[in-house]
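Undergrad:
2 protein chains.
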Amino acid sequence: MIVEGVARRSIWLGRDGRSVEIIDQTRLPHEFVVRTLVDLDQAAEAISAMWVRGAPLIGVTAAYGVALQMNADASDASLAHAVDTLAATRPTAVNLRWALEEMKSTLAGVASTDRSSAAYRHAGKLAEDDVETCRKIGEHGVTLIEAIAERRGDGGPIQILTHCNAGWLATVDWGTALSAIYRAHDSGIPVHVWVDETRPRNQGASLTAWELGQHGVPHTVIADNAGGHLMQHGRVDLCITGSDRTTATGDVCNKIGTYLKALAAHDNGVPFYAALPHSTIDWDLSDGVAQIPIEERDGAELRRFSGPTREGHIVEISVLPDSTPVANPAFDVTPARLVTGLITERGVCEASRQGLLGLYPERGGETTQSCESSEA
Amino acid sequence: MIVEGVARRSIWLGRDGRSVEIIDQTRLPHEFVVRTLVDLDQAAEAISAMWVRGAPLIGVTAAYGVALQMNADASDASLAHAVDTLAATRPTAVNLRWALEEMKSTLAGVASTDRSSAAYRHAGKLAEDDVETCRKIGEHGVTLIEAIAERRGDGGPIQILTHCNAGWLATVDWGTALSAIYRAHDSGIPVHVWVDETRPRNQGASLTAWELGQHGVPHTVIADNAGGHLMQHGRVDLCITGSDRTTATGDVCNKIGTYLKALAAHDNGVPFYAALPHSTIDWDLSDGVAQIPIEERDGAELRRFSGPTREGHIVEISVLPDSTPVANPAFDVTPARLVTGLITERGVCEASRQGLLGLYPERGGETTQSCESSEA
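Chains as they are written, first to last, in our numbering: chain F, 47 to 422; chain S, 47 to 422.
Have a look at this one:
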């Protein structure tokens, strides 16, 4: 997508073909800072310090972290060290572990003389696969926006509400929830995005608004509290969010507050979709509220804010005394009954087991076998 | 209520019996600053700069502002000037206008020699009336908490979620939504309050948490996004909010985001109450969403944050670039169908015309006559 008029991805190879460059997302929206990662430790720091975030981008960064280490030392011990170091950066990130397993199994059978180039090749493939997955999510998702534009027929902007950042900054390019929006915008359908601030980490205000602004997509930031009011007054045509984890029955676990927006959408007849790659679907889960453990994050996220003063110095301030107790659950679960549909790289389906099996019939066999064997 | 171990109100007469003292609420929770108001202009500044806020407290401050001016100059022209000056401080505050009308009509027939003492007397009466109204709201509201404690019978804390600040800082003492909570706590019923941060002005984090902490009521601040998740997991027994304006049919217009919490409460079978003095009831309104205009406030409320740095200097920072468009509706409307009941100074009733007329039968006559005459 576009930054300062130039097409960008969230991660790319440096000119030397070995180093890896990323955008330091902790500096957005106030500063656009590109960081060059030249070794494993820098790749690990990029993930643990959250210069990069978003499950797909974390996975690809970790894959390149393995490649950087193979470039320095292609031994088995070095490979094991890279995988362990990177796995420890974000202990609960499923996609990170998956990407490291991919790299490990790909490189295990490769001679050490070829490991460096194989590692870069495979990391590059994971990046390209992610771009293609997100592109397809957009291709399917845009049909929903086109249908609303056609039904309305007045040429006015389609009003879309999103929560948190499920844009290209969370992936390699395109994003998930925002992919359909970029595609609509690029193809000339007028869209306007209501961007939830997304407390406590403010990813909507800091990242989504920045992305959309750089790409030229009209948008307005609102407090997380405001979406229900806008929907009551007919000012939202469609909600699209991402999903961090999706049950086989279509429940959506996503950034805290998603559930409240889905309730408001349901109460006002506004369609509510989650956009997700198949990798977020957990086929073993059938009840998201009961089964998905919710990460409780550091209360400092609520207590402190950073940004530039009037003089342009970036400082951190307290908005709550340290003595005030805080709780900070990071995700919530939106039950499938509130989700109009799921947008995946294979198409749009109902948020239900039946809907998902329609797109992923190969999973039906597994599920049926598993049921049969447990009944046997 | 208690501050640093001492019983306080939000406004009181100075030792000289003429000046008026208030708490500068813009400095909370970081600093407890008492300001002395010695003339009309300072009273007007207290309201316009939001050192005081909350409809009841604004009204009482304006009444004392008139008294300060009468102390300096008790002429008719001076009275008119005081009323005009104070009315202009917060153009949309209904309670402010009501309090000024009260003062004007009370003082109009009083000889100028007696006006100053009459003004202080009447301002004092308005303050005492507000305390008594809030005390009664708590007396009725606490019965709901007692009933939950009795039903649960396990002696564990009753978990109550509130939004924004409807505490004693918004009134003269007790508060509305928090009145029942203080009463429960003071009478030995264990309570724990989930305090919504309440973006964009953070009144929950800055004021409600401070009030509760000073009075010793256990509480935890959460992002506005978190309440739905807590309710899904059975961690909220009861929601109580205030109401800025209530329709004759029981719709509740309150701080933006209240509607989202009411939706979550309804979805999870959690009782949702609004606590309000009768002065917020607008007997002419029957459809809050359609009829109540919602104030759109300055986007700076979303863009900027202030608080102390690590070194203790209070600074203002930007969290959003000035170029990012923002929208900032200040209130939303929770339809009566989502409100379990209303707590007023006369008792607890269903959120409906019938419910309200049960507590305010004298309004039934008016409504019936009005309907008859319009049918005639």
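Ideal placement from N, C-alpha and C gives every residue a C-beta, glycine not left out.
Three-state secondary structure (DSSP) at Ser352(F)?
TA: Counting from 1 along the first sequence, the entry for residue 352(F) is found at position 306. Three-state DSSP puts Ser352(F) in a strand.
Undergrad: Three-state secondary structure (DSSP) at Ser325(F)?
TA: The sequence position of residue 325(F) within the first sequence is 279, counting from 1. Helix at Ser325(F).
Undergrad: 8 Å is my cut-off, CB to CB: does Gln260(F) come that close to chain S?
TA: Locating residue 260(F) in the first sequence gives position 214, where the first residue counts as 1. For Gln260(F), the answer is no, since every Cβ of chain S falls outside 8 Å of its Cβ.
Undergrad: Work out the CA separation of Glu77(S) and Ile428(S) for me, nearest whole Å.
TA: Residue 428(S) is absent from the model: chain S starts at 47 and stops at 422.
Undergrad: Give the DSSP bridge partners of Asn300(S), in chain order.
TA: Along the second sequence, read from residue 1 onward, the residue named residue 300(S) stands at position 254. BP columns for Asn300(S) point to Asp378(S).
Undergrad: For Ala321(F) versus Ile389(F), is the C-beta distance shorter than 8 Å?
TA: Counting from 1 along the first sequence, the entry for residue 321(F) is found at position 275. Counting from 1 along the first sequence, the entry for residue 389(F) is found at position 343. Contact flag set, yes.
Undergrad: Determine which residues share a DSSP beta bridge with Ile242(F) and list them.
TA: To locate residue 242(F), count along the first sequence from 1; it is residue 196. Here residue 242(F) is Asp; the residue named in the question, Ile, does not match the sequence. Ile268(F), per the DSSP bridge assignment.
Undergrad: Excluding the five sequence neighbours on either side, which residues of its own chain have a C-beta within less than 8 Å of the C-beta of Thr266(F), listed in chain order?
TA: Taking the first residue of the first sequence as 1, we reach residue 266(F) at position 220. Once the five neighbours on either side are set aside, the close Cβ partners of Thr266(F) are His238, Val239, Trp240 and Val241.
Undergrad: Per the DSSP calculation, Ala320(F) is bridged to which residue(s)?
TA: Position 274 of the first sequence, counted from the first residue, corresponds to residue 320(F). Beta-bridge pairing links Ala320(F) to Thr287(F) and Leu388(F).
Undergrad: Which residues, in chain order, does the stretch 262-275 of chain F contribute to contact with chain S at a C-beta distance below 9 Å?
TA: From the stretch 262-275 of chain F, only Pro264, His265, Thr266, Val267, Ile268, Ala269, Asp270, Asn271, Ala272, Gly273, Gly274 and His275 have a Cβ closer than 9 Å to chain S.
Undergrad: Comparing alpha-carbon positions, which option in Ile93(F), Pro137(F) and Leu114(F) lies nearest His168(F)?
TA: Position 122 of the first sequence, counted from the first residue, corresponds to residue 168(F). Out of Ile93(F), Pro137(F) and Leu114(F), Leu114(F) has the C-alpha closest to the C-alpha of His168(F).
Undergrad: Evaluate contact between the stretch 98-107 of chain F and the stretch 49-63 of chain F, counting only Cβ atoms and requiring at least three cross-stretch pairs below 8 Å.
TA: Touching, yes, given that three or more Cβ pairs across the two stretches are closer than 8 Å.
Undergrad: For Gly401(F), count neighbouring C-beta atoms within 10 Å of its own C-beta (all shown protein chains included) and say buried if the count is 16 or more, exposed if not.
TA: On the first sequence, residue 401(F) is found 355 positions in, with the first residue counted as 1. The residue in question, Gly401(F), is buried, as its Cβ has 16 or more Cβ neighbours within 10 Å.
Undergrad: Cβ closer than 8 Å: which chain F residues qualify as neighbours of Phe318(S)?
TA: The residue given as residue 318(S) occupies position 272 in the second sequence. Within chain F, no residue comes near Phe318(S); the closest Cβ sits about 13 Å away, beyond 8 Å.
Undergrad: Here's a check: name, in chain order, each residue in its chain whose Cβ is nearer than 6 Å to the Cβ of His261(S), leaving out the five neighbours to either side.
TA: Counted from its first residue, the second sequence places residue 261(S) at position 215. Hits under 6 Å: Met47 and Ile48.
Undergrad: Among all the DSSP beta bridges, which residues are the ones paired with Arg143(F)?
TA: Position 97 of the first sequence, counting from 1, holds the residue named residue 143(F). Bridge partners of Arg143(F): none, in fact.
Undergrad: Does DSSP put Val218(F) in a helix, a strand or coil?
TA: Here residue 218(F) refers to the residue found at position 172 of the first sequence. Correct three-state label for Val218(F): coil.
Undergrad: Would you kindly check if the distance between the Cβ of Leu190(S) and the Cβ of Thr208(S) is under 8 Å?
TA: On the second sequence, position 162 is the one that residue 208(S) refers to. On the second sequence, position 144 is the one that residue 190(S) refers to. Going by C-beta atoms, Thr208(S) is not nearer than 8 Å to Leu190(S).
Undergrad: DSSP on Val394(F), reduced to helix/strand/coil?
TA: Stepping through the first sequence from its first residue, residue 394(F) is reached at position 348. Strand, per DSSP.
Undergrad: With a 10 Å radius around its C-beta and 16 neighbouring C-beta atoms as the bar for buried, classify Ala128(F) as buried or exposed.
TA: The sequence position of residue 128(F) within the first sequence is 82, counting from 1. Looking at its Cβ environment, which holds 16 or more other Cβ atoms inside 10 Å, Ala128(F) is buried.
Undergrad: Which of the three DSSP states is assigned to Ile360(S) in this structure?
TA: Counted from its first residue, the second sequence places residue 360(S) at position 314. If DSSP states are grouped into helix, strand and coil, Ile360(S) belongs with the strands.
Undergrad: Helix, strand or coil for Ala511(S) per DSSP?
TA: Residue numbering for chain S in the displayed model covers 47 to 422; residue 511(S) lies beyond these limits and cannot be assessed.
Undergrad: Keeping to the same chain, check which residues put their C-beta closer than 8 Å to that of Val106(S); ignore five residues upstream and five downstream.
TA: On the second sequence, residue 106(S) is found 60 positions in, with the first residue counted as 1. The residues are Ile57, Ala145, Ala169, Leu172, Ala173, Asp176 and Val218.
Undergrad: Where does Glu342(S) fall in DSSP's three states?
TA: On the second sequence, position 296 is the one that residue 342(S) refers to. Glu342(S) falls in the strand class under three-state DSSP.
Undergrad: Taking just the CA atoms, how far does Asp330(F) sit from Ser289(S)?
TA: Position 243 of the second sequence, counting from 1, holds the residue named residue 289(S). Position 284 of the first sequence, counting from 1, holds the residue named residue 330(F). Cα to Cα, the separation comes out at about 45 Å.
Undergrad: Any chance the stretch 285-304 of chain S sits against the stretch 78-94 of chain S, with 3 or more Cβ pairs inside 8 Å?
TA: Cβ pair count under 8 Å is below three, so no.
Undergrad: Under 8 Å by Cβ, that's how I've got Glu347(S) and Arg247(S) pegged, so tell me the actual separation to the nearest angstrom.
TA: The residue given as residue 347(S) occupies position 301 in the second sequence. The residue given as residue 247(S) occupies position 201 in the second sequence. About 6 Å; that satisfies the 8 Å criterion.
Undergrad: Determine whether the Cβ of Arg73(F) lies closer than 8 Å to any Cβ atom of chain S.
TA: Position 27 of the first sequence holds residue 73(F). By this cut-off, Arg73(F) is not an interface position.
Undergrad: What's the C-alpha gap between Lys150(S) and Ala108(S)?
TA: Sequence index remark: in the second sequence, residue 150(S) carries index 104 (1-based). Sequence index remark: in the second sequence, residue 108(S) carries index 62 (1-based). Cα to Cα, the separation comes out at about 11 Å.
Undergrad: Does DSSP put Arg61(F) in a helix, a strand or coil?
TA: Here residue 61(F) refers to the residue found at position 15 of the first sequence. Three-state DSSP puts Arg61(F) in coil, outside helix and strand.
Undergrad: When you compare each of Ile206(S), Leu276(S), Gln205(S) and Ile227(S) to Trp214(S) by their alpha carbons, which one comes out closest?
TA: Position 168 of the second sequence holds residue 214(S). Considering only alpha carbons, the answer is Ile227(S).
Undergrad: Here's a check: name, in chain order, each residue in its chain whose Cβ is nearer than 7 Å to the Cβ of Arg61(S), leaving out the five neighbours to either side.
TA: As a working note, residue 61(S) is residue 15 in the second sequence. Excluding residues within five positions, none has a Cβ falling inside 7 Å.
Undergrad: In chain B, which residues lie with their C-beta within 7 Å of the C-beta of Asn248(F)?
TA: Protein chains F and S are contained in the structure displayed, whereas chain B is not.
Undergrad: With distance defined between alpha-carbon atoms, name the residue in Leu405(S), His279(S) and Ala376(S) nearest to Ile338(S).
TA: Reading the second sequence from its first residue, position 292 is the one you call residue 338(S). Comparing Cα positions, the closest option is Ala376(S).
Undergrad: Under DSSP, the beta strand (DSSP E) around Thr208(F) begins and ends at which residues?
TA: Stepping through the first sequence from its first residue, residue 208(F) is reached at position 162. Residues Ile204 to Thr208.
Undergrad: Counting only Cβ pairs nearer than 8 Å, list the residues of chain S close to Phe351(F).
TA: The count along the first sequence starts at 1 and reaches residue 351(F) at position 305. Within chain S, the residues near Phe351(F) are Phe351, Gly353, Ile363 and Val365.
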